[in-house]
DNA sequence: CTTTCTGCAAACGATTTGCAGCAGC
DNA sequence: GCTGCTGCAAATCGTTTGCAGAAAG
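Residue numbers (our numbering), protein chains in the order written: chain R, 1 to 147; chain P, 1001 to 1147.
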């Protein structure tokens, strides 16, 4: 989506931690910003084939520490990474129960209304200190359905 | 909860795959049925200290194949395992964003009503083939809050 | 110049697998 | 008795880390 403002915001957040905004980190942010889904480390390396694994891991970690990137969990236990919602916009995830791939899902007003009520129900009835909630959809993705 | 019927159902599902319902597997199912939260492999071994890791992993895998056990993802990427909902009853999860531990949360009618509407919104507006959805609560658990 | 980043290779921890003997049916 | 399970040890896979040189500010 809005890639240019994202890049500026990232620069600020990194600077706040005495971190540099190097060419590799710019490439990583751009890759995540334009992917439309959370990426695994192999995905990220595929997008920048010269990038060594260790650097990919270290840069992802640095961006997580800066609050720019978030780790999401799919159905398998492989790390998947996306931009923080403040940078990419609010969305949900569609998780393929077959291959584990995760796609972004833009919410509809009707869905958000229902989820807001669900969150209220939890807060008022549950007695939990709930900071946030995750609502993921699970099914079989298009790629797996035709195979 | 209802441990005895669970045990019978597990026997049937294992038999359908030419799998045996051994003493170790009974112990594993009982452990999961009475835990009130998804367990990691270390948790499982702590409950049956003579159990070797490799056997724990193999039995968990066998029970997943039989549809008796389900892997759930917390905030970290460590496998956590619980009985399938058909055996344990419908529930949600409270995930501690600090230590990663996951607790079961019994739903309230109001919450379920809101979530049913959310699921309907996804099906009718989204065009996804949604088989199930996950609604997890995220916050800091009691143990971490006092520390 | 000083501090952080990069790339390589080695280390690490969780999970998996090969194999020989034991157990369920 | 045949087939599947167990336990050990070794292998594997994703991820992390130590170090020496290159790059950013």
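No residue lacks a Cβ here, since even glycine has one placed at the ideal position from N, Cα and C.
Rounded to whole angstroms, what's the CA-CA distance from residue i to residue j? Just pull it up for me.
i	j	result
residue 1139 (chain P)	residue 91 (chain R)	19 Å
residue 1141 (chain P)	residue 1101 (chain P)	8 Å
residue 1030 (chain P)	residue 1064 (chain P)	15 Å
residue 1050 (chain P)	residue 113 (chain R)	50 Å
residue 1117 (chain P)	residue 1012 (chain P)	35 Å
residue 163 (chain R)	residue 25 (chain R)	In this structure chain R extends from 1 to 147, so residue 163 (chain R) is not present and cannot be described.
residue 105 (chain R)	residue 1143 (chain P)	34 Å
residue 1052 (chain P)	residue 110 (chain R)	50 Å
residue 68 (chain R)	residue 1069 (chain P)	35 Å
residue 77 (chain R)	residue 1077 (chain P)	6 Å
residue 38 (chain R)	residue 66 (chain R)	18 Å
residue 56 (chain R)	residue 45 (chain R)	7 Å
Buried or exposed for residue i, please, with buried defined as at least 16 other CB atoms from any protein chain shown within 10 angstroms of its CB.
i	result
residue 74 (chain R)	buried
residue 1017 (chain P)	exposed
residue 8 (chain R)	exposed
residue 1082 (chain P)	buried
residue 54 (chain R)	exposed
residue 1034 (chain P)	exposed
residue 131 (chain R)	exposed
residue 1080 (chain P)	buried
residue 1121 (chain P)	buried
residue 23 (chain R)	exposed
residue 1093 (chain P)	buried
residue 1129 (chain P)	exposed
Pull up the CB-CB distance for residue i and residue j, whole angstroms please, since I reckon it's below 8 Å.
i	j	result
residue 1028 (chain P)	residue 1021 (chain P)	Contact doesn't hold; Cβ gap of about 11 Å is too wide.
residue 108 (chain R)	residue 1136 (chain P)	With a Cβ gap of about 21 Å, residue 108 (chain R) and residue 1136 (chain P) do not count as contacting.
4 or more residues per run - each alpha helix (DSSP H) lying fully within the stretch 1078–1112 of chain P: 1085–1088
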